[in-house]
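As given, the protein sequences belong to chains A and B, one line each in that order.
For the first sequence, the residue numbers in the working numbering are 857 to 1153.
For the second sequence, the residue numbers in the working numbering are 857 to 1153.
Number of protein chains: 2
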Amino acid sequence: MKEKEIIDFLKKNFKSKKAFIGIGDDCAVIEYSKNYYLILTTDVLVENVHFEKGKFTWTQIGKKAMAVNLSDIAAMGGIPEFALVSLGLPESNFKIIKELAEGIKEMCKKYKFEIIGGNLTKSKEIFIDVFMVGIVEKKYLKTRKGTKSGDLIYVTGSLGASQIKKQFNLEPRIFEVREIVKKYKVNSMIDISDGLSSDLIKLCEVNKLGFKLYLENLPVSEEAKKISKDKFEEILHVLNDGEDYEILFTAGREEKIPEKIGKIKITKIGEMTGKREFIGILEDKIIEIKDKGFSHF
Amino acid sequence: MKEKEIIDFLKKNFKSKKAFIGIGDDCAVIEYSKNYYLILTTDVLVENVHFEKGKFTWTQIGKKAMAVNLSDIAAMGGIPEFALVSLGLPESNFKIIKELAEGIKEMCKKYKFEIIGGNLTKSKEIFIDVFMVGIVEKKYLKTRKGTKSGDLIYVTGSLGASQIKKQFNLEPRIFEVREIVKKYKVNSMIDISDGLSSDLIKLCEVNKLGFKLYLENLPVSEEAKKISKDKFEEILHVLNDGEDYEILFTAGREEKIPEKIGKIKITKIGEMTGKREFIGILEDKIIEIKDKGFSHF
Chain A
857 MKEKEIIDFL KKNFKSKKAF IGIGDDCAVI EYSKNYYLIL TTDVLVENVH
907 FEKGKFTWTQ IGKKAMAVNL SDIAAMGGIP EFALVSLGLP ESNFKIIKEL
957 AEGIKEMCKK YKFEIIGGNL TKSKEIFIDV FMVGIVEKKY LKTRKGTKSG
1007 DLIYVTGSLG ASQIKKQFNL EPRIFEVREI VKKYKVNSMI DISDGLSSDL
1057 IKLCEVNKLG FKLYLENLPV SEEAKKISKD KFEEILHVLN DGEDYEILFT
1107 AGREEKIPEK IGKIKITKIG EMTGKREFIG ILEDKIIEIK DKGFSHF
Chain B
857 MKEKEIIDFL KKNFKSKKAF IGIGDDCAVI EYSKNYYLIL TTDVLVENVH
907 FEKGKFTWTQ IGKKAMAVNL SDIAAMGGIP EFALVSLGLP ESNFKIIKEL
957 AEGIKEMCKK YKFEIIGGNL TKSKEIFIDV FMVGIVEKKY LKTRKGTKSG
1007 DLIYVTGSLG ASQIKKQFNL EPRIFEVREI VKKYKVNSMI DISDGLSSDL
1057 IKLCEVNKLG FKLYLENLPV SEEAKKISKD KFEEILHVLN DGEDYEILFT
1107 AGREEKIPEK IGKIKITKIG EMTGKREFIG ILEDKIIEIK DKGFSHF
């Protein structure tokens, strides 16, 4: 059974009446006040799955544990407010806890959220599970649903080979997304965590649409360029490597989406289509794109 | 380094300005509306730490994962509303997922909360990490802080040897606590998860007080009676076994706390004292009580 089938089973079994959005988007969304929603998400880092001991510092791992959740908050157009941290450790190791805390504090300061609770448990393998709470103005809430055929597809930053270096120096796109949702009419949004191909196909399935990607336009990261022997290999890295934590969004053709927000590039990479086809165009050739991103199972 | 010292370190490092209550109580508390707070908690079950495969069904484990979090919500006087479930599994196993979901659904129905999100990850050992969100009327919020010297100490249900049977048939005291907070003036509240001795000492430390327990009055569970050879052994089980998930609260001597709420017994077990002493009285003998409950490290 694949991850997608499990999530479909859970969606069917746990329908929410009280939440505005339940299982199936980057965050759950609940009522908060007249003008705001509360948005809730959880993501975990597990030893030997998401990180190996010794390869990165615990400060970097603490930062990443926050970043992957901040990216979910960004994908709804939101602002992070609070987090709870559930930590599993094989033994009481103050060095690890101190270094993790340093990384977490750094992210709290930069993204202006607070740690307000958590849990400490024994576990053979280390895990850092984070529960993050954010807010978003009702008028700025973005979800996976809402895009139309003909909408253009944009992505922040650059993609591919993030596992080499970027994954432990993530800069979740909170500030850039806030700029975008305040100034432009965005129709749908998702964060790229499993890989561009996987996450874009998820977006299509929610909206019952397809896409056409301008493969020559894809923003290839420096790392992906270094490890690729040609343009085609670069494209495969961009499509299928996970852990980019960039934001993909769609907007109507009339929206004047800028090419940069601050220092972060915004690239037009394709368009949504009415047919259920997932294709890319490269030098006039049509290439079928498959869901080859990261899956846990 | 002990669990308590780690939590003290985290409390110092992560002070919250925006939350009403941050790290250090059963739940974090944030502003919600004019009359309500939002309360947030997290608790996890880890394979070979909190359960062993095969000893209990996955449905029971799913129920327990909810119950331990519901108990934290109860300990604030609150009502559960939503939960997110972060699940770690070594492989995609639909049987486990289906049975866990059954247990979770049963608790959702009984305690009227909804699962609105979560996360699925690979991990060598299974873990079920839950983030629960509740609400509580501002006037009914109970915390660990607030009790005074001379207050009487009460506990719901019975205690001891919960690991034998009760721990996978937990009935978190949501309904009973709601009755209590609506009708009586309660000064402080905590849930008993690590053991009566540990959790009562935590309550004392927050309030800079001591306690005197009427050891003959302690509500001994049937299981603790069965495995004890005398009264003294029963008392040790009640004081030091963990996993009871009953609620301890304190109230002024003038409050007419009933002996039962529905079918659940409420027992007066002692009183708070101004001295920093932790003692029990048994047949006119004074016994010093030590923190011998459950600790992960």
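Backbone N, C-alpha and C fix where the C-beta goes; we use that ideal spot for every residue, glycine too.
None of these values were measured; they are calculated from a predicted model.
Where residue i falls, given that 16 or more other Cβ within 10 Å makes a residue buried
i, result
"Phe870 of chain B", "buried"
"Ile971 of chain B", "buried"
"Arg1132 of chain A", "exposed"
"Arg1109 of chain B", "exposed"
"Asn1073 of chain A", "exposed"
"Ile1009 of chain B", "buried"
"Lys1064 of chain B", "exposed"
"Ser889 of chain A", "exposed"
"Lys911 of chain B", "exposed"
"Phe1105 of chain B", "buried"
"Ile1057 of chain B", "buried"
"Trp1085 of chain A", "Per the sequence presented here, residue 1085 of chain A reads as Lys, with Trp not at that position. So Lys1085 of chain A ends up on the exposed side."
"Phe1088 of chain B", "exposed"
"Glu937 of chain A", "buried"
"Asp1140 of chain A", "exposed"
"Ile895 of chain B", "buried"
"Ile929 of chain B", "buried"
"Gly1130 of chain A", "exposed"
"Ile1142 of chain A", "exposed"
"Ile877 of chain A", "buried"
"Ile1122 of chain B", "buried"
Contacts around residue i, its chain only, beta-carbon distance under 6 Å, and the 5 residues preceding and following it disregarded
i, result
"Val924 of chain A", "Asp899"
"Ser927 of chain B", "Pro1028, Asp1047 and Tyr1101"
"Ile935 of chain A", "Gly990 and Ile991"
"Ser1053 of chain B", "Leu1095, Asn1096, Ile1145, Asp1147, Lys1148 and Gly1149"
"Glu955 of chain B", "Trp914 and Thr915"
"Ile958 of chain B", "One detail in the question is off: residue 958 of chain B reads as Glu in this sequence, not Ile. Taken in chain order, the residues that qualify are Thr915."
"Met1045 of chain A", "Ala931, Lys998 and Phe1105"
Close beta carbons around residue i, own chain, < 8 Å, minus the five adjacent residues each side
i, result
"Glu1102 of chain A", "Val1011, Thr1012, Gly1013, Ser1014, Leu1015, Arg1029, Asp1047 and Ile1048"
"Phe1153 of chain A", "Met857, Lys858, Glu859 and Ile862"
"Glu981 of chain B", "Val902, Glu903, Asn904, Gly944 and Pro946"
Residues of its chain near residue i, where Cβ-Cβ distance is below 7 Å and the 5 sequence neighbours each way are ignored
i, result
"Tyr1070 of chain B", "Ile1125, Gly1126 and Ile1137"
"Ile952 of chain A", "Trp914 and Leu945"
"Glu1032 of chain B", "Thr1012, Ile1117, Gly1118 and Ile1120"
"Glu962 of chain B", "Lys919"
"Lys1081 of chain B", "Glu1090"
"Glu993 of chain A", "Asn891 and Tyr892"
"Leu976 of chain A", "Leu943"
"Lys867 of chain B", "Ile879 and Gly880"
"Glu908 of chain A", "none"
"Phe969 of chain A", "Pro936, Glu937, Phe938 and Ala939"
Given residue i as reference, the closest of the options once Cα atoms are compared
i, options, result
"Lys966 of chain A", "A:Ile991, A:Glu1027, A:Ile917 and A:Thr1106", "A:Glu1027"
"Gly1006 of chain A", "A:Val1076, A:Gly990, A:Lys1068 and A:Val1037", "A:Lys1068"
"Leu1095 of chain A", "A:Lys1148, A:Lys1058, A:Leu1059 and A:Ile1083", "A:Lys1148"
"Pro1114 of chain A", "A:Lys909, A:Phe987, A:Gly959 and A:Tyr1040", "A:Tyr1040"
"Arg1098 of chain B", "B:Phe876, B:Phe1024 and B:Tyr893", "The sequence as given places Gly at residue 1098 of chain B; Arg does not occur at that position. Answer by Cα proximity: B:Phe1024."
"Asn949 of chain B", "A:Lys1038, A:Phe865, A:Asn1043 and A:Asp1100", "A:Phe865"
"Ile984 of chain A", "A:Ser872, A:Val905, A:Thr1123 and A:Gly878", "A:Val905"
"Lys1038 of chain B", "B:Thr1003, B:Lys998, B:Thr977 and B:Lys874", "B:Lys998"
"Ala931 of chain B", "B:Val885, B:Ser1018 and B:Val1076", "B:Val885"
"Phe987 of chain B", "B:Ala921, B:Val1076 and B:Ile877", "B:Ala921"
"Glu1035 of chain A", "A:Asp882, A:Gly933 and A:Ile929", "A:Gly933"
"Glu1043 of chain B", "B:Glu1078, B:Lys1004 and B:Ser1077", "Looking at the sequence shown, residue 1043 of chain B is not Glu but Asn. Ranking the options by Cα distance to Asn1043 of chain B, first place goes to B:Lys1004."
"Lys1021 of chain B", "B:Ile1135, B:Ile1143, B:Ile917 and B:Glu1111", "B:Ile917"
"Ala1017 of chain A", "A:Leu1092, A:Gly959, A:Val1062 and A:Cys964", "A:Leu1092"
"Ile960 of chain A", "A:Leu940, A:Lys978 and A:Ser1077", "A:Leu940"
"Ser1077 of chain B", "B:Gln1019, B:Lys1112 and B:Asp1055", "B:Gln1019"
"Gly1002 of chain A", "A:Ser1151, A:Cys883 and A:Cys1060", "A:Cys1060"
Residue-chain proximity (residue i, chain C), Cβ-Cβ < 8 Å
i, result
"Asp1050 of chain B", "Protein chains in the displayed structure are A and B, and chain C is not among them."
Next item on the list: Only counting runs of 4 or more residues, tell me where the alpha helix (DSSP H) segments fall wholly within the region 1033-1093 of chain A, in order along the chain.
Entry: 1052-1063 and 1078-1083
Margin query: At a CB distance below 7 Å, what residues from the region 951-971 of chain B approach chain A? Give them in sequence order.
Written below: Ile953, Ala957, Lys961, Glu970 and Ile971
Check: For the region 959-987 of chain B, which segments carrying the alpha helix (DSSP H) assignment without a break, of at least 4 residues, lie completely within its bounds, in sequence order?
Finding: none
Check: In the region 1127-1148 of chain B, which residues sit with their C-beta less than 8 Å from some C-beta in chain A, listed in chain order?
Finding: none
Next item on the list: Report the residues of the region 1101-1115 of chain A with a CB closer than 7 Å to any CB of chain B, ordered along the chain.
Entry: none
Item checked: Short-range partners of chain B found in the region 1005-1029 of chain A, where Cβ spacing is below 9 Å -> none
Margin query: So if I threshold CB-CB distances at 9 Å, which residues from the region 860-879 of chain A count as touching chain B?
Written below: Glu861, Ile862, Ile863, Phe865, Leu866, Asn869, Phe870, Lys871, Ser872, Lys873, Lys874, Ala875, Ile877, Gly878 and Ile879
Notebook entry, point to check: Considering only residues of the region 859-902 of chain A, which uninterrupted beta strand (DSSP E) runs meet the minimum length of 3 residues and lie entirely inside it, listed in chain order?
Noted result: 884-887 and 892-902
Notebook entry, point to check: the region 1034-1064 of chain A: which residues have C-beta closer than 7 Å to a C-beta of chain B, in chain order?
Noted result: none
Note to self: What ranges does the beta strand (DSSP E) occupy inside the region 924-959 of chain A, keeping only unbroken runs of at least 3 residues that lie completely in it?
What the structure shows: 935-945
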